[in-house]
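Structure, as structure tokens:
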Amino acid sequence: MVTLDDLATLRPQGIDFEAVGHTVTIMPTAKTRSLGMGIPDVPLDWQVLADGNTVGYIEKGQDVILAWKPSQLDDGVPAEVTSIDEAVEFLASDPPKQQHKHNKHPHKKG
488 MVTLDDLATL
498 RPQGIDFEAV
508 GHTVTIMPTA
518 KTRSLGMGIP
528 DVPLDWQVLA
538 DGNTVGYIEK
548 GQDVILAWKP
558 SQLDDGVPAE
568 VTSIDEAVEF
578 LASDPPKQQH
588 KHNKHPHKKG
């Protein structure tokens with residue numbers, strides 16, 4: 488079980504562990520989320536990856552832990568959880584599929 492105390496002392500490369508059937512990595516991040524209306528952006532604390540794909544971010548709130556999926560950062564509502572395990576379960580239980588780049592419009596020479 489990973490705790491907030493564990494995350495507070497994270498090395499830049501983060502920590503890896505197995506959870507919800509995936510290899511999960513939690514590492515510090517410089518990412519911010521926008522509040523809009525001229526309010527300064529809020530820094531997020533940690534980035535969460537599942538099998539190498541970013542699945543979200545964790546922010547330490549006053550009494551809760553906020554778990555943000557990438558699509559929620561601008562105008563969504565985070566999950567409010569009480570443990571890092573809950574945050575990881577919320578974020579990593581359905582990781583994005585690996586993006587496959589298909590060259591659908593090849594450039595023809597000539």
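Residue numbers (the working numbering): 488 to 597. Glycine residues also receive a C-beta, built at the ideal position from the N, C-alpha and C atoms. Owing to the predicted nature of the structure, the values given are computational and were not obtained by experimental measurement.
The straight-line gap separating the alpha-carbon atoms of Gln534 and Ile545 is approximately 6 Å.
Given a length threshold of 3 residues, each whole run of the beta strand (DSSP E) inside the stretch 537-591 is given here in chain order: 540-547, 552-555 and 566-568.
For Leu536, the number of other beta carbons within 10 angstroms of its own is at least 16, and it is reported as buried.
With respect to the 8 Å criterion, Thr512 and Gly501 are classified as neighbours on the basis of their beta carbons. Each residue's CA atom was taken as its position, placing Glu505 and Leu560 some 25 Å apart. Here the stretch 513-532 lies against the stretch 558-572, with 3 or more beta-carbon pairs under 8 Å apart. According to the DSSP assignment, Asp503 belongs to the beta strand (DSSP E) that extends over Ile502 to Ala506. Exposed is the label assigned to Ile526, since fewer than 16 other Cβ atoms lie within 10 Å of its Cβ. Distance between Pro515 and Asp492, taken at the CA atoms: about 13 Å.
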